[in-house]
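From first to last, the protein sequence lines are chains R and L. Heads up: the first sequence begins at 1 in the UniProt record's numbering, then just goes up one per residue. Heads up: the second sequence begins at 1 in the UniProt record's numbering, then just goes up one per residue. See structure below.
2 protein chains.
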Amino acid sequence: MTNYKAKNRLTAQAYIDGVLSGNRVILSRAITVIESNLESDKLLAKDIIQAILPASGNSVRIGVTGVPGVGKSTFIEVFGKHIINQGHKVAILSIDPSSQRSKGSILGDKTRMEALSTLESAYIRPSASGDTLGGVANKTAESMLLCEAAGYDVVLIETVGVGQSETAVHGMTDFFLLLMLAGAGDELQGIKKGIMEMADMVVINKADGDNIKKSELARLQYQNALHIFPQSESGWMPVVTTASSTKNIGVDAVWDEITKYTELVVKNGYFNKNRNHQKIRWMYNNINEALKHLFYGSKDIASKLTALEKQIIASEISPVKAAQDIIETFKKSFE
Amino acid sequence: MTNYKAKNRLTAQAYIDGVLSGNRVILSRAITVIESNLESDKLLAKDIIQAILPASGNSVRIGVTGVPGVGKSTFIEVFGKHIINQGHKVAILSIDPSSQRSKGSILGDKTRMEALSTLESAYIRPSASGDTLGGVANKTAESMLLCEAAGYDVVLIETVGVGQSETAVHGMTDFFLLLMLAGAGDELQGIKKGIMEMADMVVINKADGDNIKKSELARLQYQNALHIFPQSESGWMPVVTTASSTKNIGVDAVWDEITKYTELVVKNGYFNKNRNHQKIRWMYNNINEALKHLFYGSKDIASKLTALEKQIIASEISPVKAAQDIIETFKKSFE
């Protein structure tokens, strides 16, 4: 194992104390450790997470998603300021598996959400980079725990880019908010099947000027559609509203709905039940990914799979037999 | 390996010849071999599947699902007869992972679909039993290949019982038909999230007598809802109709839509693309299940997991660290 130490690292205890005391600079540096792929940082990150774990969890976790162009950044900026005005501390994280291409988020936190980023009670962190969605999601989820331990009692996790990460965000948040635009049709192509049914709330954004009537119509359509679909285990009936982030109309109502939701699910026990499920599922997702990595990471397996795929398409071998054959190869590789 | 031979088995070649010549008795006996859990039968099944593979695939595969009480059996009976009247041969299979409890389907093929089962061009086979959904799905999918090789050019695969198997059925069929009842609400609780978005067609069944008006209203609601949701890669816009299976109204229209669908997707290339994807996915599903079986089948792992789950819920260990620890245990077990 390569065990070289990264420059400028503090001791584990210094990170832990800094995070627990709400020191923003140390929080940022701790998240950098979490995001790092250096082996020495991974060990350091484990110690930090393990120590702050009991102090984590005391926040409302909100997932925010929507296709590019829906106005997510503007919405989050206005929404974040509103929450802060209610006396909360807000952390904003994002999941963007595509950002690995540029090794970092395309737009830094300074460019996006300019007004919000100057506020003392807001903490904005662009997406971690990583090789796999699972890896990126792990880093974001662990960063979320650090933010909570640092005293942020509302965490927004946004998906950036076009939708692969919605399920990951849904799996680590309490409330799932979907931003949409009126004039359904082309815009919807970016929304993957199944996303709509995860939504606890749909906000038709950009409902201003000439768009108001169209937005109200879209609201009714979505409201009807969501009522037809099966109810969530949470007992919450998804709400559809319109909003204009630029005119600051309807954004406060989103927070009101989230407050209502939280009251409901804390009372009926779903809040904790869901959190526990998420944690357990998080472990199993990591296990299953590691197992796949063990298997698909092998060179022999990869080349054999390519050959089998061709044979399957040519109807030369049944998919079941192909799977059995390659699992035998895998087992023998351990002997 | 236990290698005892089951009684009354034919040679592989006898099964292969019988199936390919469309002999129904041999087809049934071949499916019994596919469904068997005896090691000797598994080897025999492999040889049969491998030999008939090139003759399989020439059918329209239709998945039929809906909550209990929706009238699935009656619908399939009337629908099957209509297809046969159009000159087709119809095979009807089912996926019912719950049937393992009674080691066989609760209602045999003779009781259900009585009229259909007497027809020369219909082949009805109750669900295979098995320990896992994946195992049952494999058996049904391989039975489907046998039916195709025996000349059945329409295969209906129905889900029996309450919904876990819809995704499996969707993954092995060309067209996914969802039967619903008017008066949305309670009935919908049985439909899992995401099922609706898989449907190529929704039929509001029992649209007769006092139910006609309510059914037409439901039809409009579902039609609107489905139009709002993202379009399928197939290029097909899901259709919603009403039908009364008992009065034989609207059942023929279902076949008309399926014919339209098939024409569209054969022409635009989705039919073959989807079939190839399904075959490849089928192999990977089997591989991933086998990997999980290797891992979770170990006694040490199982007891360690129970302990870790408790620690995770008590916030004593992070899910990521828990997963890393147990994967290390797994790797060491091979050393």
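Think of the CB as a built atom: it goes at the ideal place given N, C-alpha and C, for glycine as much as any other residue.
> Who are the Cβ neighbours of Val60/R in its own chain at under 8 Å, not counting the five residues just before and after it?
Replying inline: Cβ neighbours of Val60/R beyond the five flanking positions: Asp153, Val154, Val155, Asp174, Phe175, Ile258, Thr262.
> Exposed or buried, what is Glu233/R when buried is set at 16 or more other beta-carbons lying within 10 Å of its beta-carbon?
Replying inline: Under a 10 Å Cβ-count criterion, Glu233/R is classified as exposed, with fewer than 16 other Cβ atoms of the shown protein chains found around its own Cβ.
>> Restricting to runs no shorter than 4 residues, where is the alpha helix (DSSP H) found entirely within the stretch 65-97 of chain R?
In response: Taken in chain order, the whole alpha helix (DSSP H) runs of length 4 or more contained in the stretch 65-97 of chain R are 72-85.
> If you draw a straight line from the C-alpha of Met180/R to the C-alpha of Gly134/R, how long is it?
Replying inline: Here the C-alpha atom of Met180/R lies approximately 26 Å from the C-alpha atom of Gly134/R.
>> Judging by CA-CA distance, which residue of Leu146/R, Val64/R, Phe79/R, Arg125/R is the nearest neighbour of Asp47/R?
In response: Comparing alpha-carbon positions, the option among Leu146/R, Val64/R, Phe79/R, Arg125/R lying closest to Asp47/R turns out to be Leu146/R.
> What three-state label does DSSP hand Arg29/R in the structure shown?
Replying inline: Arg29/R: helix per DSSP, three-state reduction.
>> Counting beta carbon pairs with one atom in the stretch 211-227 of chain R and one in the stretch 248-258 of chain R, are three or more of them shorter than 8 Å?
In response: A contact between stretches requires three or more CB pairs, one per stretch, nearer than 8 Å, and the stretch 248-258 of chain R fails this requirement with the stretch 211-227 of chain R.
> When we look at the beta-carbon of Met113/R and count the other beta-carbons within 10 Å, is it buried (16 or more) or exposed?
Replying inline: With 16 or more Cβ atoms within 10 Å of its Cβ, Met113/R is classed as buried.
>> Below 7 Å, is the gap between the Cβ of Ser73/L and the nearest heavy atom of the ligand MG?
In response: Ligands displayed in this structure: none; no statement on the ligand MG is therefore possible.
>> Taking DSSP's pairing of strands, which residues face Ala168/R in a bridge?
In response: None, per the DSSP bridge assignment.
> Got a sec: which bits of the stretch 266-281 of chain L sit with their beta carbon under 7 Å from any beta carbon on chain R, in order along the chain?
Replying inline: Going along the stretch 266-281 of chain L in chain order, one finds Asn276, Lys279, Ile280 with a Cβ nearer than 7 Å to chain R.
>> Give me the subset of the stretch 116-148 of chain L whose CB atoms are less than 7 Å from a CB atom of chain R, sorted by chain position.
In response: The residues in question are Asn138, Glu142.
> Terminal residues of the continuous alpha helix (DSSP H) containing Asn272/R?
Replying inline: Its alpha helix (DSSP H) spans residues 270-296.
> Does any residue of chain R bring its CB to less than 8 Å from the CB of Glu187/L?
Replying inline: Only weak support exists for where Glu187/L lies, its pLDDT of 47 falling under 50; the coordinates are left without a value.
> Alpha carbon to alpha carbon, what distance is there between Ile16/R and Ser127/R?
Replying inline: Our two residues, Ser127/R and Ile16/R, have alpha carbons roughly 22 Å apart in a direct line.
>> Quick check: what's the CA-CA separation for Ile84/R versus Ser121/R?
In response: Roughly 7 Å separates the two Cα atoms.
>> Below 8 Å on the Cβ atoms is my contact criterion, and I expect Val78/R with Val251/R to pass it. Report the Cβ-Cβ distance as a whole number of Å.
In response: Beta-carbon to beta-carbon, Val78/R and Val251/R are separated by about 5 Å, close enough to satisfy the 8 Å threshold.
>> At the level of alpha carbons, what is the spacing between Gly66/R and Gln231/L?
In response: Gly66/R and Gln231/L: Cα-Cα distance of roughly 17 Å.
> Going by Cα to Cα distance, which pick from Ala91/L, Ala55/L, Glu142/L, Val64/L is closest to Lys42/L?
Replying inline: For Lys42/L, the closest C-alpha among the options Ala91/L, Ala55/L, Glu142/L, Val64/L is that of Glu142/L.
> Gln50/R touches chain L at which residues, Cβ-Cβ below 8 Å?
Replying inline: Per Cβ cutoff of 8 Å: Ile317, Ser318, Lys321.
> Lys299/L: which of Phe229/L, Ala150/L, Met283/L, Phe330/L sits nearest, CA to CA?
Replying inline: Of Phe229/L, Ala150/L, Met283/L, Phe330/L, the residue nearest in Cα terms is Phe330/L.
> Can you tell which of Phe271/R, Ser333/R, Lys332/R, Glu316/R has the C-alpha that lies nearest to the C-alpha of Leu57/R?
Replying inline: In the sequence as presented, Leu is not what sits at residue 57/R; that position holds Gly. The shortest Cα separation from Gly57/R among Phe271/R, Ser333/R, Lys332/R, Glu316/R belongs to Phe271/R.
> Is it the case that the Cβ atoms of Ile228/L and Tyr284/R are separated by a distance below 8 Å?
Replying inline: Taking the C-beta atoms as reference points, Tyr284/R is found no nearer than 8 Å to Ile228/L.
>> At the level of alpha carbons, what is the spacing between Asn23/L and Pro68/L?
In response: Their Cα atoms are separated by approximately 33 Å.
> At a CB-CB cut-off below 7 Å, which residues of chain L make contact with Met196/R?
Replying inline: Listed along the chain, the chain L residues whose CB falls inside 7 Å of the CB of Met196/R are Phe229.
> Can you tell me whether Thr11/L is buried or exposed, with buried defined as 16 or more other CB within 10 angstroms of its CB?
Replying inline: Thr11/L comes out exposed.
> Applying the criterion that 16 or more other CB atoms from any shown protein chain within 10 Å of the CB defines a buried residue, is Gln189/L buried or exposed?
Replying inline: Note that Gln189/L scores 48 on pLDDT, short of 50, meaning its location in the model is unreliable; the coordinates nonetheless yield the value given after this. By the Cβ neighbour-count rule, Gln189/L is exposed, with fewer than 16 other Cβ atoms within 10 Å of its own.
>> Quick check on this structure: which residue in Thr118/L, Ile124/L, Gly87/L, Ala115/L has the alpha carbon closest to the alpha carbon of Ser94/L?
In response: Closest by alpha carbon: Ile124/L.
> Nearest-angstrom Cα distance between Glu316/L and Lys292/L?
Replying inline: Approximately 26 Å, taken between the alpha carbons.
>> Relative to the C-alpha of Phe75/R, which candidate in Gln278/R, Ile313/R, Pro319/R, Asn248/R has its C-alpha closest?
In response: Of the candidates Gln278/R, Ile313/R, Pro319/R, Asn248/R, the one whose C-alpha sits nearest the C-alpha of Phe75/R is Asn248/R.
> Looking only at its own chain, which residues have a Cβ that is under 6 Å from the Cβ of Asn276/R, when we skip the five neighbours before and after it?
Replying inline: Spatial neighbours of Asn276/R in its own chain (CB-CB distance under 6 Å, excluding positions within 5 residues in sequence) are not present.
>> On the DSSP bridge list, what partners appear for Asn205/L?
In response: Residue pairing of Asn205/L in beta bridges, as defined by DSSP: Leu181/L.
> At what residue ranges does the stretch 210-274 of chain L contain a whole run of the alpha helix (DSSP H), taking only runs of 4 or more?
Replying inline: For the stretch 210-274 of chain L, the full-length alpha helix (DSSP H) segments reaching 4 residues or more read 212-228, 251-267 along the chain.
>> Since Arg9/L and Leu44/L should fall inside the 8 Å C-beta cutoff, what is the C-beta to C-beta distance between them, to a whole number of angstroms?
In response: About 7 Å separates the two Cβ atoms, so the contact holds.
> Relative to chain A, which residues along the stretch 202-214 of chain R have a C-beta separation below 8 Å, given in chain order?
Replying inline: The chain labelled as chain A is not found among the protein chains of the depicted structure, namely R and L.
> Name the chain L residues whose beta carbon is nearer than 7 Å to that of Pro54/R?
Replying inline: For the C-beta of Pro54/R, the chain L residues within less than 7 Å are, from N- to C-terminus, Ser315.
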